[in-house]
């Protein structure tokens, strides 16, 4: 039952091809400087600290998947140890699926590969949010593309707070959507709380235009 409710929430609320074009997309924040592990850890801590009293209300929805051959590639030792450890834990929790794409490489011209990717990106797994799981999957989402090879989608959904939050790797930050525009949402207060913090820029949608706070 829980899976059905949250899958319907994603289907109704989010354009998976472009989150920011979703009708109830609210805004996002991003780093205003260069990429670093420090800024990734700080960004994740901002989310965890702000919602620390409400984390039990969040459900993690993940359709992340990773190529088995990339996961087992011994030459890829540029992956940070903490990222690799997080990846392994998330695979054990079934929040990242492992798939062997080598079976499909000869069929790209027949669109079989593309169809399989589209299927994987919509196969969401749901699990109650905990600080550790949220930290690990946010780390995977925000890390440099040379450190991890996952694709798919990841959302933190709270029906109580009327908010969907997603970690993003581009410029390191979190974006927000409102589930029901007729109800109060935590999205505005959350993004407003970032406005005066160093290292970040905050943007929200106002009358279908994206404006900096």
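Residue numbers (UniProt numbering): 1 to 213.
We put the beta carbon where it would ideally sit given N, CA and C, even for glycine.
Contact between the region 20-34 and the region 160-175 is present: 3 or more CB-CB pairs across the two stretches fall below 8 Å. Between the region 32-49 and the region 124-136 there are three or more C-beta pairs closer than 8 Å, enough to call the two in contact. A straight line joining the alpha-carbon of residue 139 with that of residue 183 spans about 31 Å. Remark: C-beta atoms of residue 211 and residue 204 approach each other more closely than 9 Å. Within the region 121-191, the complete beta strand (DSSP E) segments of 3 residues or longer fall at 125-128, 154-158, 163-168, 173-178, listed in chain order. 62 is the residue among 62, 44, 189, 56 whose C-alpha sits nearest the C-alpha of residue 7.
A check of alpha carbon separations from residue 170 across 30, 190, 83 identifies 30 as the nearest. Counting the other CB atoms within 10 Å of its CB gives residue 192 a total below 16, which places it among the exposed residues. DSSP places residue 7 in the helix class (H, G or I) of the three-state scheme.
Around residue 89, the same chain offers 136 as residues with beta carbons nearer than 7 Å, after the five sequence neighbours per side are excluded.
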